[in-house]
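Report on the structure given below.
Here it is in structure tokens:
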């Protein structure tokens, strides 16, 4: 008998035991799949993330440059918390948060949209635009979309 090859989550690289996205064929763990589907366990308030300790420095450095790339460990808050910090600190900020996969961009967009400022967020993947309006200031995009910008 031959063992099945191990599959890993396309989002967090844990063992994929959740589901397969029918649109892109990628495998996901249960946690990432639930988050994308909007079924993640909720809690009151915003949980503390590692980036919170550096919030002032992140806002200061990003404010000094037209384009910024932020790198950090998985789960530190670079894709979820940093956009919130920048939108709160800079009323004129316009952000694009790039994600390598559509499910990641969609999941972050849905989570951000559920917050009190849901109208501030938009989603762009491929040639599609979703929930974008005149007050949109932060877009979650796929890297494929980002590299095709003029």
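Numbering (the numbering used here), first residue to last: 2 to 151.
Each residue gets a CB set at the ideal place from its N, CA and C atoms; glycine is no exception.
These numbers come from a predicted model, not from an experiment.
Asked, Found
"CB residue 96 to CB residue 31, shorter than 9 Å?", "no"
"Checking the sheet assignment: what are the DSSP bridge partners for residue 9?", "16"
"Give me the Cβ distance between residue 98 and residue 141, rounded to the nearest whole Å; I'm assuming they're in contact under 8 Å.", "5 Å"
"Within 10 Å of its beta-carbon, does residue 110 have 16 or more other beta-carbons around it, so buried, or fewer, so exposed?", "buried"
"What residue range does the alpha helix (DSSP H) around residue 60 cover?", "56-64"
"Out of 85, 72, 101, state which residue places its alpha-carbon closest to the alpha-carbon of residue 115.", "85"
"Does the Cβ-Cβ distance between residue 71 and residue 60 come in under 9 Å?", "no"
"Enumerate, from N- to C-terminal direction, the unbroken beta strand (DSSP E) stretches of 3 or more residues contained entirely within the segment 62-97.", "none"
"Tell whether a beta-carbon distance below 9 Å holds between residue 74 and residue 143.", "no"
"By the three-class DSSP mapping on this structure, what secondary structure does residue 26 have?", "coil"
"Less than 7 Å between C-beta atoms, sequence neighbours within five positions excluded: which residues of the same chain meet that for residue 87?", "60, 63, 94, 96"
"When DSSP labels each residue in this structure, what does residue 131 get in the three-state scheme?", "strand"
"Restricting to Cα atoms, I'd like to know which of 130, 149, 49, 148 is closest to residue 81.", "49"
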